[in-house]
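FYI, the numbering for the sequence shown is 1494 to 1684, going by this note's numbering. Note that beta-carbon positions come from the ideal geometry of N, C-alpha and C, so glycine has one too. All of these numbers come straight from a predicted model, not from anything done at the bench.
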Amino acid sequence: MADFFDRLDGKHIAMIEQQPVFFVATAAQDGRINLSPKGYDAFRVLTPTVVAYLDLGGSGNETHAHLAADGRITIMFCNFQQPALILRIYGRGRAVLPQDEEWEALAAQFTLLPGTRQIFVIDVDSVQTSCGWGVPLMTLESERNTLTKYHANADPEAWAAKVSTRISSIDGLPTRATDRYIAGGPGAHSN
């Protein structure tokens, strides 16, 4: 049976902090539904009603396009250990890019990773928990470092040129490209 809450509580936050992966779902009115898995230490609970996650450059920028067009977003966490639990955060989100005024304060909440493109900020509308009894028990072997390694070895000018051309989603919705390369690593913001 599902339970709904209007904000995250201490038990929710503790569960979120233990999860090595989360899932992000967005959609615009006339387009595909986008569902993406996310790893790394990239999710933050800023307040019980505001969460954020660090986004690295990848194969597309669908979440950005959908949030600009519609704003709706669902974040899902599954506890692959005990106790069984699924937690969904329903909200409205927006992208904050390095060139935006609020970037510095927001980025200070994260350890920036190579290839950081933007941070998504989500205002929580509601939180849902459900049993998760059908979710398997699994253990984490390790983080996959392929994406951060790729970005760490990228030429900053070539990277910036590449992302500057990614100004629309696969359905043709507009996005804003970052105006700078974030290398991450030493000297980057940390929490």
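query	result
Identity of the residues DSSP links to ASP1616 by a beta bridge	VAL1543 and ARG1585
Status (buried if at least 16 other CB within 10 Å, exposed otherwise) for ALA1598	exposed
Under 7 Å between C-beta atoms of PHE1536 and MET1631	no
Whole runs of the alpha helix (DSSP H) within the stretch 1634-1666, excluding any shorter than 4 residues	1639-1645 and 1649-1657
Proximal residues to LEU1633 (C-beta, below 7 Å), its chain only, five neighbours per side dropped	PRO1513
Start-to-end residues for the alpha helix (DSSP H) that takes in MET1508	1503-1510
Helix, strand or coil at ALA1577 according to DSSP, with G and I counted as helix	coil
Residues bridged to ARG1537 [DSSP beta-bridge criterion]	ALA1545
Sequence-distant residues of the same chain with beta carbon closer than 7 Å to VAL1435, five excluded per side	The requested residue 1435 does not occur in the structure, where the chain is confined to residues 1494 to 1684.
Sub-7 Å separation of LEU1640 and LEU1549 beta-carbons	yes
Within the stretch 1548-1574, ranges of the alpha helix (DSSP H) (whole runs, at least 4 residues)	1555-1562
Bridge-paired residues (DSSP) for ILE1526	ALA1520
N-terminal and C-terminal residue of the alpha helix (DSSP H) that GLU1597 is part of	1596-1600
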